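Since the structure comes first, as structure tokens, the remarks are kept for the end.
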Amino acid sequence: MGRIKAVYIKRITKRLLNEHSGEFTADCNKNKDVLKKYTKIVSPKIRNAIAGYAARLVKQSIENKERKVVSSEDLSKFY
1058 MGRIKAVYIK RITKRLLNEH SGEFTADCNK NKDVLKKYTK IVSPKIRNAI
1108 AGYAARLVKQ SIENKERKVV SSEDLSKFY
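For the working numbering, add 1057 to where a residue sits in the sequence shown, where the first one is 1.
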């Protein structure tokens, strides 16, 4: 399981994707260059988190993948 991103990472990433959606790709390294172009993020940790989350959102939009919904029947077999 992956780590949950902080709210400010999600908010900044979604705002940047709305403003500059055509420039972000599924490649994290290219997204870092786009972030350098449009923001002044000094911290490499925050920049990497935003670039990675943007790559993930772009991949999800390309695949248009449905999210798995867990119903009560699925959980009943474990308890």
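Using N, Cα and C, we set each Cβ at its ideal position, and we do this for glycine too.
Note that the structure is a prediction, hence the values are computed from the model and not measured.
Item	Value
Which of helix, strand or coil DSSP assigns to residue 1112	helix
Local Cβ density within 10 Å of residue 1065, reported as buried at 16 or more and exposed below that	exposed
Between the CA atoms of residue 1110 and residue 1063 - distance to the nearest angstrom	11 Å
For residue 1113 and residue 1106, the rounded distance between their alpha carbons	10 Å
N-terminal and C-terminal residue of the alpha helix (DSSP H) that residue 1075 is part of	1064 to 1076
Residue burial classification, residue 1061 (beta-carbon count within 10 angstroms, cutoff 16)	exposed
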